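Quick note: the sequence shown uses this note's numbering, first residue 5, plus one each step. Since the structure comes first, as structure tokens, the remarks are kept for the end.
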Amino acid sequence: MVETNFLVIGSGVAGLTLAVKLASTFPNKRVTIVTKSNESESNTKYAQGGVAAVFNAEEDSFQKHIIDTLQAGDGLCDKKVVEMVIKEGPKRLYELMEWGARFDRDTSGKVALGREGGHSEDRVLHHKDMTGFEIERALLEKAHQLSNVILLPHHFAVDLITEHHLLDAKTDRISCYGAYVMDQISGNIITIKSDTTTLAAGGLGQVYGHTTNPAVATGDGIAMAYRAKARIKDMEFIQFHPTALYDGKEGASFLISEAVRGFGALLRNGKGERFMLRYDPRAELASRDIVSRAIDSELKKLGDTCVYLDCTHLNIAEFEHEFPTISETCKSKGIILSKDWIPVVPAAHYVCGGVEVDVHGRTSVLNLFACGECSRTGLHGANRLASNSLLEALVYAHNIFEYHCKYSLSSSTISIPYWNDEGVVFLEEHKILQKKIKKLQKLMRRYVGILRSNAELQKASTELDKLYVETERLYQKHKLNTSLCELRNMVNVAHMIIDQSLSRTENRGGYFNMDNLIKKTKSYGKIDH
Ligand code: SIN
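Written out as structure tokens, the structure reads:
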């Protein structure tokens, strides 16, 4: 049994920011961060574009950023949350800079601002095309300087500890007491008891297989919260990034940042036509949902497997300076930017929903908080505005920290049982897990993608039910390992995506169901593309 004051699950921008703030302010308290894989492996590390915030007061304003966010969110954002996050944003970024995060500067020394889809002004702070990497570096450096931060890499949070695990507990509200955590090297399950627990466990792109997310993005935080009976919302809003590099392979896909379109790259279909103007007057810089659906429609019309990003008219030396990682990756694939177009397709990128939290980051479970991609704050609504996610993570990590400063949460005296895995056996055949993961990913790509229909969602639901039963059987009978836990989590989050999709009766933002379109056509007599 390990006891800690603050347990943080996840080591991306949200988790590290919170941990650093708590540890600096409460030097006598222990902040334990558990994270699967290496300490820096997170969605944050792969964020290329940057952080959206108002830094150019002459051209830009909070009001403009608020309007852009609300417009992208298609009527489902919480306006108060949007206002709060956008107004707090610059303060959180200055703080991050003080901690050593470096953002690109223009020749006059001012922060250089990029443009991405859905933004009416240049407002994306970035570090070349490695913004997340740089933020992660600075935060880890800071965390390592604090002796009361205990960072446990290769530790996988299996389940949150709640009344469910306490046989004699009587309560009308579920509370969280910490988590059961697997040491991924030894396979042992550790009981971590904590005064408060924060989920900062990132996204779930791996549910689709074809994703811009790294292998660790398996929806663990949302799945754990769901099993702990926390409220989960807006899971139908999966954001597909329009431009993942197409290399004909299944699986994780390299991102070609939206900032590349902000820099002037054009989208062309297989016939070489610049098609985006037919879909939206903002063309390549329309919001992501619109661009992804437009690409999907072009691919279906022409029977193609990819569209193209044309950079040939751009200043390539400048491009290489701005986007060194993208340029290098293209070069390694034999793509010469001055004459070749970059083949791209949409890929699963971000979940706009997640564990529902209030403005302090509190979930519906007592002493359980959430921030970052696994949380649903109300900022993104039906579709996240580009580069608003790192911003949200910074602001909510701060809000959770402030809440902890105001209300000191005392240790519970409750006794927590150890993990019981009596009678389980080692899983001999690991391939079975990989097979099931592949099956799940295929099902999600095929039936729960950019365009959905009720019949396909039902089909997915039926298939998933079978997979759920098989997975639970494996989970109950075998000693845990990472793939088994990830499969179980992915089955849970897939279930939420499908279920909440079936409950949505109108198309909004990133959610598009053909049956809702037909309904709308019937009532209004027009097709709304
Ligand atoms: C990108 O660089 O295109 C991704 C940024 C984001 O998802 O906000």
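Beta carbons are placed, not taken as given, at the ideal position from N, Cα and C, and that holds for glycine. Predicted, not measured: the structure shown is a model, and the values here were computed from it.
Only residues of its own chain outside the window of five on either side were considered, and among them Phe267, Cys315, Ser331 and Leu341 have a CB closer than 7 Å to the CB of Phe323, listed in chain order.
Of Gly206, Val58, Asp503 and Ile90, the smallest CA-CA separation from Arg119 is found for Val58. Taking a cut-off of 8 Å for Cβ pairs, the stretch 347 to 356 and the stretch 245 to 261 touch, as three or more such pairs fall below it. Within the same chain, and ignoring the five residues on either side of Asp425 in sequence, the residues whose Cβ sits closer than 8 Å to its Cβ are Ile193, Lys483 and Leu484.
DSSP places Val85 within a helical segment (H, G or I) once states are collapsed to three. Inclusion of Asp133 and Thr329 in the CB contact set at 7 Å is warranted, their separation being smaller than that value.
Residues whose Cβ lies closer than 5 Å to any heavy atom of the ligand SIN, listed in chain order: Gln52, Gly53, Ser261, Glu262, Ala390 and Ser391.
The three-state secondary structure of Pro94, taken from DSSP, is helix. Between Val295 and Gly121 a beta carbon distance of about 6 Å is seen, short of the 8 Å cut, so the two are scored as contacting. The alpha-carbon of Ser507 is positioned some 48 Å away from that of Asn319. Here Met5 is not bridged, per DSSP, to any residue. Thr48 is positioned such that its CB atom lies closer than 7 Å to that of Gly16. Residue range Leu372 to Ala374 is occupied by the beta strand (DSSP E) that includes Phe373. Take Ala401, set aside five residues on each side of it, and the residues of its chain with a beta-carbon closer than 6 Å to its own are Ala18, Thr21, Leu22 and Cys375, in chain order. For Gln480, the enclosing alpha helix (DSSP H) begins and ends at Asn458 to Lys481. Distance from the Cα of Arg235 is smallest, within the candidate group Asp344, Leu80, Gly453 and Arg366, for Arg366. Beta-bridge partners of Lys197 (DSSP): Glu7 and Gly182. Close CB contacts of Glu396 within its chain, under the 7 Å cut and outside five residues either way in sequence, are with Val89, Thr381 and Leu383 (chain order). Taking 7 Å as the cut-off, the beta carbon of Met239 is found no closer than this to the beta carbon of Ile404. Cβ neighbours of Ser379 within its own chain (closer than 6 Å, five residues either side excluded): Gly358, Val359 and Val361.
Remark: C-beta atoms of Gly14 and Ala232 do not approach each other more closely than 7 Å. Counting only the Cα atoms, Lys91 lies some 6 Å from Phe66.
Closest by C-alpha distance to Asn387, out of Gly514, Asp110, Val162 and Phe258, is Gly514.
The residue from Tyr472, Thr135, Met228 and Asp199 with its alpha-carbon nearest to that of His499 is Tyr472. Secondary structure of Leu431 (DSSP, three-state): coil. Spatial neighbours of Glu254 in its own chain (CB-CB distance under 7 Å, excluding positions within 5 residues in sequence) are listed in chain order as Gly213 and His214. In the three-state scheme derived from DSSP, where H, G and I count as helix and E and B as strand, Glu360 is classed as strand. When secondary structure is reduced to three states using DSSP, Asp224 falls in the helix class. Residues Ile178, Cys180, Ala232 and Ala234 of the same chain have their beta carbon placed closer than 6 Å to that of Val369, with the five preceding and five following residues left out of the count.
With 16 or more other Cβ atoms from the protein chains shown falling within 10 Å of its own Cβ, Gly385 counts as buried.
Exposed is the label assigned to Ala321, since fewer than 16 other Cβ atoms lie within 10 Å of its Cβ. In the DSSP assignment, Leu164 falls within the beta strand (DSSP E) that extends over His159 to Thr166.
Between Val399 and Thr73, the alpha-carbon positions lie close to 15 Å from each other. At the C-beta level, Asp126 and Asn9 stay beyond 7 Å of one another.
Within the DSSP bridge table, the entry for Ile37 names Val12 and Leu155 as partners.
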